[in-house]
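Q:
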Amino acid sequence: MNSIGALVLLAVAITVIIGLCLYAWSLRKEVSRREAFRRDEDARAQQNSLENLDYVAGALVQEQVDITEGAWRCKVLLEIIDPSLTERSEFKAFAEHYSRTQHLKTHSARQQLTARERMQEDKERIMAENEMREAVLEAARAVLKWRAEGGKALH
């Protein structure tokens with residue numbers, strides 16, 4: 001092979017290598033952009049969950065929402081924010097009430113029950129709410145206190 005052919009091959013190889021480097025660099029930038037977008041979305045979702053938790057806990061304390069619905073929503077929001085929050089002693093009433101009432105039907109499944117079955121479920125729910133009312137309301141007040149003290153996501 002003559003030297004001109006070798007130089008042409010070398011130039012082609014260098015061009016290919018530079019092109020691949022530029023492509024890898026652009027892919028890395030795209031990955032970084034997507035990671036930043038995901039972090040922003042996570043932070044926004046976290047903030048929305050915290051705000052919703054404030055609203056639901058406040059509605060519970062003011063008794064503007066049923067104990068069962070409020071406890072379920074607080075439990076789910078705490079789990080979204082940080083799953084370990086539902087294990088904190090001051091918030092355990094939400095999970096306890098949930099475990100007592102999770103078998104009860106909701107929405108369309110409830111509508112499919114007979115009147116007698118609905119009445120039986122209502123009776124169970126009311127009994128659970130009466131037993132857990134003070135604990136759930138105290139947990140809601142603890143959430144509001146925790147948030148007022150600057151409680152936010154733990155991760």
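Just so you know, the sequence shown maps onto residues 1 to 155 in UniProt numbering. Glycine is no exception: its CB is placed at the ideal position from the N, C-alpha and C atoms. Note that the coordinates shown come from a computational prediction; the quantities given were computed from them, not determined experimentally.
Is there contact here, the segment 118 to 137 with the segment 88 to 104, by at least three beta-carbon pairs under 8 Å?
A: Yes, they touch.
Q: What's the call for residue 67, buried or exposed, on a 16-neighbour Cβ count within 10 Å?
A: Here the question's residue 67 lines up with position 67 in the sequence shown. Label assigned to residue 67: buried.
Q: So for residue 1, helix, strand or coil by DSSP?
A: Taking the sequence shown and counting its residues from 1, one reaches residue 1 at position 1. Residue 1 falls in the coil class under three-state DSSP.
Q: In whole angstroms, what is the alpha-carbon distance linking residue 138 and residue 52?
A: The count along the sequence shown starts at 1 and reaches residue 138 at position 138. The count along the sequence shown starts at 1 and reaches residue 52 at position 52. Going from the Cα of residue 138 to the Cα of residue 52 covers about 18 Å.
Q: By DSSP, does residue 106 sit in helix, in strand, or in coil?
A: Within the sequence shown, the letter at position 106 stands for residue 106. In the structure shown, residue 106 sits in coil (DSSP, three-state: anything other than H, G, I, E or B).
Q: Decide if residue 201 is buried, meaning its Cβ has at least 16 other Cβ atoms within 10 Å, or exposed.
A: Residue 201 lies beyond the stretch modelled for the chain, which goes from 1 to 155, so this question has no answer here.
Q: Pair every Cβ in the segment 105 to 125 with every Cβ in the segment 44 to 51, then say whether three or more of these pairs are closer than 8 Å.
A: Short answer: they don't touch.
Q: Check whether the segment 49 to 65 touches the segment 141 to 148, taking contact to mean three or more Cβ pairs, one atom from each stretch, closer than 8 Å.
A: As far as the Cβ criterion goes, the segment 49 to 65 touches the segment 141 to 148, which means the pair count is three or higher.
Q: Taking just the CA atoms, how far does residue 19 sit from residue 55?
A: In the sequence shown, residue 55 corresponds to position 55, counting from 1. In the sequence shown, residue 19 corresponds to position 19, counting from 1. Going by the C-alpha atoms only, they are around 54 Å apart.
Q: What residue range is occupied by the uninterrupted alpha helix (DSSP H) comprising residue 122?
A: Locating residue 122 in the sequence shown gives position 122, counting from the first residue. Taken as a continuous stretch (DSSP letters only), the alpha helix (DSSP H) holding residue 122 covers 115 to 148.
Q: Tell me which residue opens and which closes the alpha helix (DSSP H) that residue 76 is part of.
A: Here the question's residue 76 lines up with position 76 in the sequence shown. Note, residue 76: alpha helix (DSSP H), 67 to 81.
Q: Going straight from the alpha carbon of residue 76 to that of residue 69, what length do you get?
A: By one-based count along the sequence shown, residue 76 stands at place 76. By one-based count along the sequence shown, residue 69 stands at place 69. Straight-line Cα distance between these residues: approximately 11 Å.
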